[in-house]
Amino acid sequence: MSDSTATTEAPAEPPAPDTEGSEPKPNFMRLFGGYLTEANSVMVTIYSLLLAFLIGAILLIVSDEFTRSTFSYFFSRPQDAWYASRDLVVESYTSLFEGAILNFNTLEAYRAGDAEFGNLLRPLSETLTYATPLIFTGLAVGLAFRAGLFNIGAQGQLIFGMMGALIVGFSLDLPIWLHLPLAIIAGAVAGGALGAVPGVLKATTGAHEVISSIMLNNIAALFLVWALGTAFLHSETKSDLVSKPVDDSATLPTLLSSLNPSLRVNLALIIGFAVAALVWWLLSKSTFGFRIRAVGFNEHAAATAGMRIGSTYTTTMTAAGALAGLGGAALALGVSSGGITTNTALDYGFSGITVALLGRANPGGIVASALLFGALKAGALSAQPDVPVDISTLLQATIVLFIAAPALVKAILHLRTPRGGLVTLEAKGW
Amino acid sequence: MRLELKGLTKKFGSFTADDDIDLVVEPGQIHAVLGENGAGKSTLMNMLYGILQPTSGAILIDGEPVSFSGPGDAIAAGLGMVHQHFKLVGPFSVADNVQLGREHTQGMGVLSAKAARKAVRDVSEQYGLHLDPDAVCEDLPVGVQQRVEIVKALSGPKTELLILDEPTAVLTPAEITELLQIMRNLAAAGTSILFISHKLKEVQAVADTITVIRRGKVVAELEPTASESEMASAMVGRAVSLRVDKTDAEPGEPRLEVKDLTVVSDAGVKVLDGLELTVHSGEIVGLAGVEGNGQTELARSILGLLKPDSGHISIDGRDVHGRGVARRIADGLGYIPEDRGRDGLVAEFSVAENIVLNQYRDAPYAKGGVVDAGAVHKRAVDSIAEFDIRTQSPDESASSLSGGNQQKVIIAREFSRSRRFLVAAQPTRGVDVGASQFIHSRLVAERDTGTGVLLISSELDEIYALADRIAVIYNGRIVGEVDPDTPREVIGRLMVGADLAAAEPPPAAEAETADVEASSDTEASTDEDANGGDR
Amino acid sequence: MAVDTAPAPALVDERAPARHLRAGIVYAVLGLLVILAAVALLGDRTTTVAFDKTLTDASWDAPTRTVVLILGVIATAAGAWMIAGLPQRWYKIAGAAAVAAVVLALLFWAYSQEGTVFRAESILAGALFLSMPYIFGALSGVVCERSGVINIGIEGQFLMGAFTGVLVANITGNIYAGLAGAMIAGSLSTMLLALLATRFQVNQVVVGVILNLLALGFTSFMYDQLKKADGLNDAFSVPVISWGPLADIPVIGPVLFQQKLFVYVGLVMVAVVWFLLYRTRWGLRTRAVGEHPAAADSMGVNVNRLRYWNVVAAGLLAGFGGAWFTLGNSLAFNKNMTAGLGFVALAVMIVGRWNPLGVLAGALIFGFTTQIARDLSAAGSSVPGEFLQMLPYAVTLVVVAGLIGRAKAPAADGVPYNPGDK
Amino acid sequence: ACGDAPSDSNGGDNADASFTACMVTDSGGIDDKSFNESAWAGMEAAKAENDDIEVTYKESSNTDDYDPNLQSSVDDGCNFIVGVGGLMAANVTTAAQANTGVGFAIVDGTPSDAEGAPVETENVFSIQFDTAQSAFLAGYVAASQTQTGTVATWGGMQIPPVTIFMDGFAAGIEQHNTDKGTDVKLLGWDAAAQTGTFLNSFEDAAAGKSTSDTFISQGADILFPVAGPAGIGALTAAEEAGDAVNAIWVDTDGFESTDYGSKLITSAEKGLSNAVRDAVLAAYDGEAGNGTYVGTLENEGVSIAPFHDFDAAVSDETKAELEALTAAIIDGSLVVESPASPAAS
Ligand SMILES: Nc1ncnc2c1ncn2[C@@H]1O[C@H](COP(=O)(O)OP(=O)(O)OP(=O)(O)O)[C@@H](O)[C@H]1O
Ligand SMILES: Nc1ncnc2c1ncn2[C@@H]1O[C@H](COP(=O)(O)OP(=O)(O)OP(=O)(O)O)[C@@H](O)[C@H]1O
Ligand SMILES: [Mg+2]
Ligand SMILES: [Mg+2]
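Here you go:
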C-alpha cells in the first residue's frame, strides 16, 4: 500500500524524429479528433463521468416505477417508453445539477428580479460545504499513502478532532482571534493524538496500521457516544444526545452569508485549500516530504540512507491524524457549531479514502475529487426524493470505478493508448 | 533435442532487446551465450521458455516450429530452465519449490509430502547436489538456493534442453567445478544445454560452441579455444583493459574496529559469532566468503541498521554504539549496499534525488527544512558529468536507468563527499566491464586519499584485484586474514570452513580446480555477476 | 558440491533478545498491577460461574481475590521468566500465558460484581456463534490475499450475501436455496474485483472501497424496491442442529453440539481452507501465486487465471458469511445491517496472519469479547456500556501490539501480475 | 416529474395539487421502521384523505442536513413542512421565522432557539407524546405476565424518545410490585441512575438479537426493545427461545407491523402517524398555526395495543387494573415521571 502515484504502464517512447518529420502537417481537427479518441487522463476522466452517468440513467429508468411501466407495452407504443425515460433522466440529472451547481429556477427568478444573487450561489455553497471535510480527510489518507501507510482510521481521527475542537470551543472564554485558532488547533491535536497511535504501534511493535486504525475507528465512535452523554459535553438545554454549542468566538465565520444567510460555506474551506497547498509544499519542497516519499517508495533504501523509518511512520500518522482532526474541527466549529451528535461525522473519514485514491494522493487531485464528491452529495441531497439517495450512492461508486480503472474505460470505448502510456493508479500491496 | 532459433526478435516498446537472432543448439551440445549486461541474453532465454512472446521470428524444435504460450508449454516440450533471477517462493520448503507446477499428489489433488521429498532426494543424489527437502528456501544461503534452482530444472519429467542463465554466479569454486561436471555428464547423455555465464574461464572449460551477443545482435561465433580477451572484446566491441593499476597500500590508524560482534537472527541462529575485524586508513580489506555467511549482517551492523546482540564497533576511533545511521553517515561513513534495487535506490525518485538521498537534509541541499532544488540539481548535473552517468536528465526516474548506471548513481552519492571509512558491498554486481573498471579505479583512488575501505565481495577476482589484505568470513566468524598473494585454493577452502592451518597450500595445486580458477592475481574481473539484476 | 555451505545453525538458548526483555517487562508490570489492585481494591467478593443449560443448578463460587492474585502471580512470573531469559521456543507460550492470565483476572474481577454470574454455557455458545461472520469474512480474505489480491470489500460481500440470502429464501421458500443464493451473490460481487484486479490491473484497494459502496447502494435500493412487494423480505431461520446425546454433555454440549448450521460450516471451513491451502496442489499453487507469481508462472501456473477463480471462490465464503446476518439470526434484511463488521473481518484476517487457524483464533477473541461485553452490560455493570462495547476492539489492539507483532502479508499481495515481468 | 406522462403515480410534484406538504426526516430514512416511517405514513394518510394535498420528503443524513433540506423544501414551494425529531427544533424555528408564509411542524419538540430556549412563533405546530404513559401500562402488563420474575428492556441509543419508554416501563413494573407485592426485576435500565443497556445502533438487529439472548440467559422472559428496526432482534430471540419468552413492542402495534405478532403480548403505541396526518389536514385548512399537540392516554395519542393472541393469557383482573391505572393517569392522580417527558423539556 505504499504507492498510488501516476505511473506509466508502457515504457515511454523516445522521440522518433524520422516518422515525425515525414508526417503531413497536422491540422487542428485531426489532432483534436486524435485527442478525443485517446485514453489520456483528461479524456478518461470525461469518459468515466459519461459512462457513469449512462449507467446511472439506466438505474434511474429501472428504478422508476412509472417509466418501467411504459416498457411493459414498449412494443405497442415505444415512444412512451422513450419519452418517459428521456424526461426522467433529463429531469433527474437536471435536479442533481441544480442541487450542486446552479438552480435554473433561481436563475430565472434572479433574471426576473425575484431573487437575490446570493440565492443563485446556494447550490455551489452547499457543494463547497460538503467538500470541506473531505478535503481534510482526503489529505489525511493521501499523506499517509505517500509514506506507504494505509490510514483507514481517518474516521476516528475526525471524530477526535471534532471533540477536541468542541471542548476548546465551548469551555474557554477568549476573544475570537485567540479562541478560534486555539479551537482549530485543539482539533488537529486531538486528531493527531489518535493518528499517532497506529504510527507508534507500527514503529515499535510492528502492529499493522490497518488493524489498529480499524479498531480505533470503532473505539473513537463509541467514545464519542459516551462523551456526549457526560455532563461536561452534553447540551445543557437539550435532552437529545447532542453536545453543547461552541461559543460564537470559536465559530468559523461564514464566507458569503452577507449575501444570503443560507450560504453556509465557511472559513474552513479556505483553511482546507491552504492546508492542501501546505501539504503539497511539504511533500514536494520540504525535507520532511522528501523523507516521507522516500520511505513510502522504498523503506529499505530510506533506512540505508539514514532516515528513521519508525519515526517517519509516527510523524506521518500524527500529521495525517491532525489533518483528519482539522476536518473534525471544520465540522464542530462550522456547520455543526450548534452542537455535534453521534453521526455528525457521517462517513467523511471513509470517503476520504476514496477521495485520496481518486486524487492519486496528490493534494491538488484530492481537492478536485473532494469537490466532485461534495457536488455529488449536495446534488443528491437536493434531488431527492426524485432521485433516490441510494441511486446517488451507486452513481458515486460507478464514477469512482471508471476513473480508477482507465484500462476499463479504454477497453469499453476502444480508445487508443496515448503516447506516454496509460496513466493508471499503481496497485501495490499492504 | 535440436533447437533452432530463426530471426528471433523482441521489442519492448521501441527498444529492441533482441534483434534477429539466429542460433542452433545440437543434441548433446553445450552452447554458451556471452554478452554484456543488457545485451539481451536473458530476454532471449525467456522467449525460448515461453515467459516472453517473441515480437517476430521462429523457434524450431527438432525441425518443427513451436509456439509456447507460457512456461507450461515449454516444460511439456522438454525444456528446463535455471533463471538468472531466482524463481523461488521464499516461504516454501525446497520440496515444495521443486514440485510447484508438477505436484506429487496422492489423488484428488492432495499433496504427497513423502513423494515430493523423495523426488528431491533422488535428483539431488543422482547429481550430487545436496539438499534438505524440508529446508525453507528464504532461510537458505544463495548458493544453496541456486542448487534448488538447478534441481528444479533437472526435475522436469523429460528435460531434453536445459537453459542455464548464470547458474554459477553465487556458487563456490568447488561447487562450480561440480556443476560443470554435471553439465558435461548431461550433455554426454544427450541433453542439450544453453549456458550463460560472465565467467569466461567456465565457458572455456565447458562450452562446445560460443555465441556472442551485443546490443541484441549476434556479433560473433567463437570456438571454446578463444582467449578471454578475444571474448571480452567481442562482447564489448572494443579492446578492454582488464587491469587495475594500484600502488602498495600505506595503512594508517584504524578506521574500523569490530570486536566480538555477535548477531542473533530472529530464528535464534547466530549469524555473526564473535567477529573481529580491523580496517586501517589507506587500505582496502577484502572480505571474501560465500554469500550468507554473515557479510550482510556485518555491513548492516556497521551502518547501524542492525543492532548487534553483543560486541563493539568503533569507526574512526569512536565507539558508535547508540549512534543512528544518519549520525554515522554524517560522521563520514560511506556505504555501497549489496542490493542496489532494495537498499540503494528509490526507484521512483529522480536521479538527482537519489544522488542526495543520504544528504538531503544537509547544507547546501537544504536550509531550514526546505529542500533547495537548485542546489540538488546542480549537484546532480556535476555528478552526472563526473561519473559519466548516462541519463537523459537529472529529473529522469532512477528506474529507467540501466543497471550499470544505477550503480553509478550510488557511487556518485558516496564518492563526492568527504568520508573516513567506506563499506563497499558487491560494488560491481550486475555492472558491465567498462563501469566496473571505473568503479574499481575509484575505489583505489579513494583508498589513496586515506579512506579505509571494507570491500565485501563474493567474487574472488574482484577481491584479488583490489584488496590489500583479505579476510575470509565463514559462519559469522573471520576464519583467516591473509595477504593478497595467497593462492586461490587456500581462500576457497577457508570460504567453506576449513581452518587456516588446514587450508595452507598443499605442495601441488589440484589440477581440476586449477583449470577453472588459475588466473592472474591482479586481473580485473570480467565475470560480471548479475545476480543483483539490472534494475 | 560435496561441501554443504549452509552454515550450521547455532541455536542460542541461553540469551534473550531485546524484544523478549521489553515484552517481559510489560507482562511483569501488568501482572504486578493486577496483584496490587487485587490487594488494594478487591474486597471480600466471590465470582460465580454457573452452568445454565445442562446443569441448571450447578454453580461454582470462587473467592475472587485469591483467584485474581494467583493469576496476577502467573502473569508476573511469565514476565519475570522472559526478563531472566527463556529459551526461544518458550517465548510465545509464556507470552500467551501472561496475556491469558491478565485477561482471566480481569474477567474474574468483572464477574465478581453483585448479581453477575458467569453463565459459562450461554456465554461460550454465544461467543462461538458471534465469531462466525468474522470467520467467513476473514477466510474469504485469506483465500483472496493468499492469491495476491487484496480484498477490502468484505463488507460489501456481506451485504450482498445478507440481502440475496433472504430474497432467494423468500422466492423459493427454501432456506438452503437462500444460502446458496447468498454465496452466489457474494461471488458475483467479487467477480468484479477479480476482473478488475487481474485483467485491468486496477488498484485493488480502490476496487474494494468501490465494491463496498456499490453493494451498499445496490442492497439499499433493492430493499426499497422489495418493500413495495409483499413476502420478499421475510425472515427465515436456519434450524439449530442438536447432536442427540452429545448435546447433553455439560458445557461442551451446548457450546459445540447444539448450534446453528453456520457454526458447523464455519468450523469445517476453517479446517477445509487450511487443508486446501497447505495440503493440496491448489493450495501450493495459490500460495505460490500470492508470494512470488513469477516463480509460479515459470513453472507453468497460469497466475491470473488462478487468481481470478480464487477470488471468485472466496466470494462464496463471504457471501455465506453475509447470510449469517439475516438467515443466521432469523432476521429480514435491513439497510447497512452489517454495521462495519466486514472491516473487522479484515482485521481478523490480519490478526490471524493470513492463516485459517489464526483466523479462527482471532475470530474467537472477537466473538468472546463481544459476548462478554454484552453479557456484562445486560447484567448491569457499572462500567458505561460504550466502554464495554469497546472491549473487543481494545483487546484486539492489545493482542496485536503485544503478541502478534509484525504480520507479514503474502509478498505479492495487491501487486498485479503481468506475464513477462521479471 | 414525468412531463406529459399519463400518470402521476411517482410521487413528484403533482401539478393538480394546490397544497404541498413536505417532510424533512431525522437521520435515518423514511423507511427506518421508526419515527420517520411513522411520520411519513401520516403524511401519506393525509394525502389519501385529501386529493388536493401532495406530499414529499427529504432525508437527512445528520443534523448538518437539516438546514439545507428545510431550505430546499421552502424553495420547492412547500406549504407545510414537517420536521421529524426534537434535534431539528431550532432549525425548524429559524426556518419558520425566515419564512412566515409557510407552515411548519416539529415532531417530538417545541419551537426553540439554538440554545434550546423556548421561542414564540406564529407558524410552528408542535407535536409531542408522553409515551411514558403507554410504556407504564406495558410495564405493568409485563410484570403481571412474567413467569421468571425477570423482564428486560434495552434501547437503540440513550436519547429521550427511547429512554422515555424505558422510564415508563420501569415505573409500570414498580407499580405492579408495590400494588401486588411482587418482586419483578427489570434488567437493562436503571431509571434512578438513568443507565442501561444500549446498542448504540438502530440498525444492528443481529446485535439486538445477541443482546436479547443474553438477557434471556439471565432469566428474562419478557423483552421490551426500544430500538426501531434493531428491536426485531429481540423478537427473533424470543421466537428462538420458544414459548417461555415473549416481547412487547413500541411505537406501533407490533402485531400489525411486524411478523412476530404471536410473540407480542402488547405494544406501547405512539400515535405519530395520526398526529402528523391531523396536523397536515389542519394546515390545509389553515388551522395549524402555532398549536401544540401532546399525545397522552387521555387524547389517545399514546395507548397500549390490544393483547391479540395474549388476550386469554392476560387475566381479567389485570385488565381491570390497567383500566383503573389509565383512568388514574388521565385524571392526574397518577403521574408517570420521566426526565424525557414533554412537560420536562
Ligand atoms: N524496464 C525498462 N523500461 C524502460 N526502459 C528500460 C527498462 N529497462 C531498461 N531500459 C532502457 O533500456 C536501455 C538499455 O539498458 P541496458 O540495461 O541494456 O543498459 P546497458 O547498455 O547495459 O548499460 P550499462 O552499461 O549502464 O549497464 C537503457 O537506456 C534503459 O533506460
Ligand atoms: N520487460 C522489459 N521491459 C523493457 N525492457 C526490458 C524488459 N526486460 C528486459 N529489458 C531490457 O532488455 C535488455 C536486455 O535485457 P536482458 O535481461 O536480456 O539482458 P542480459 O543480456 O540477460 O543481461 P545480464 O547479463 O545483465 O543478465 C536490457 O536493456 C533490459 O533493460
Ligand atoms: Mg546493464
Ligand atoms: Mg540476464
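Residue numbers (the numbering used here), protein chains in the order written: chain A, 1 to 430; chain B, 1001 to 1535; chain C, 2001 to 2422; chain D, 3001 to 3345. Every residue gets a Cβ at the ideal spot worked out from N, C-alpha and C, and that includes glycine. Just so you know, these numbers come straight off a predicted model, no measurement behind them.
Reference residue i; option with closest CA among the options
{"i": "C/Q2204", "options": "C/A2411, C/N2233, C/I2152", "result": "C/I2152"}
{"i": "D/S3315", "options": "D/A3090, D/A3135, D/T3146", "result": "D/T3146"}
{"i": "A/P181", "options": "A/A383, A/G339, A/S249, A/F288", "result": "A/S249"}
{"i": "A/N343", "options": "D/S3027, D/A3220, D/V3226", "result": "D/S3027"}
{"i": "B/D1461", "options": "B/I1491, B/R1477, B/A1445, B/V1479", "result": "B/I1491"}
{"i": "C/G2208", "options": "A/I270, A/L259, A/P245, A/T398", "result": "A/T398"}
{"i": "A/P388", "options": "A/V295, A/T70, A/S95, A/S243", "result": "A/S95"}
{"i": "B/I1389", "options": "B/Q1407, B/V1376, B/D1372", "result": "B/Q1407"}
{"i": "B/V1264", "options": "B/D1319, B/S1067, B/A1249, B/P1308", "result": "B/P1308"}
Outcome for residue i when other beta-carbon atoms lying within 10 angstroms are tallied against a minimum of 16
{"i": "A/F433", "result": "One cannot answer for residue 433 of chain A here, as it falls past the ends of chain A, which runs 1 to 430."}
{"i": "B/S1281", "result": "buried"}
{"i": "D/W3154", "result": "buried"}
{"i": "C/R2065", "result": "buried"}
{"i": "B/S1069", "result": "exposed"}
{"i": "A/R416", "result": "exposed"}
Sheet register partners of residue i (DSSP bridge)
{"i": "B/H1312", "result": "B/K1259"}
{"i": "B/D1018", "result": "B/K1010"}
{"i": "A/W226", "result": "Answer is none; A/W226 lacks a bridge partner."}
{"i": "C/A2078", "result": "Answer by DSSP bridge pairing: none, since C/A2078 is not bridged."}
{"i": "A/N266", "result": "A/T254"}
Helix, strand or coil at residue i [DSSP, three-state]
{"i": "D/W3189", "result": "strand"}
{"i": "B/M1108", "result": "coil"}
{"i": "A/F300", "result": "One point to set straight first is that residue 300 of chain A is His, not Phe, in the sequence displayed. Residue state, collapsed to three classes: helix."}
{"i": "B/V1479", "result": "strand"}
{"i": "B/K1246", "result": "coil"}
{"i": "A/P406", "result": "helix"}
{"i": "D/V3184", "result": "coil"}
{"i": "D/C3078", "result": "coil"}
{"i": "D/W3249", "result": "strand"}
{"i": "C/F1981", "result": "No answer is possible for residue 1981 of chain C: the residues shown for chain C start at 2001 and end at 2422."}
{"i": "A/L413", "result": "helix"}
Using 8 Å as the threshold, is the stretch 3262-3269 of chain D in touch with the stretch 3296-3308 of chain D, meaning 3 or more CB pairs across them?
Yes: at least three Cβ pairs fall under 8 Å.
Using 8 Å as the Cβ pair cut-off and three pairs as the minimum, do the stretch 1139-1156 of chain B and the stretch 2306-2314 of chain C touch?
no
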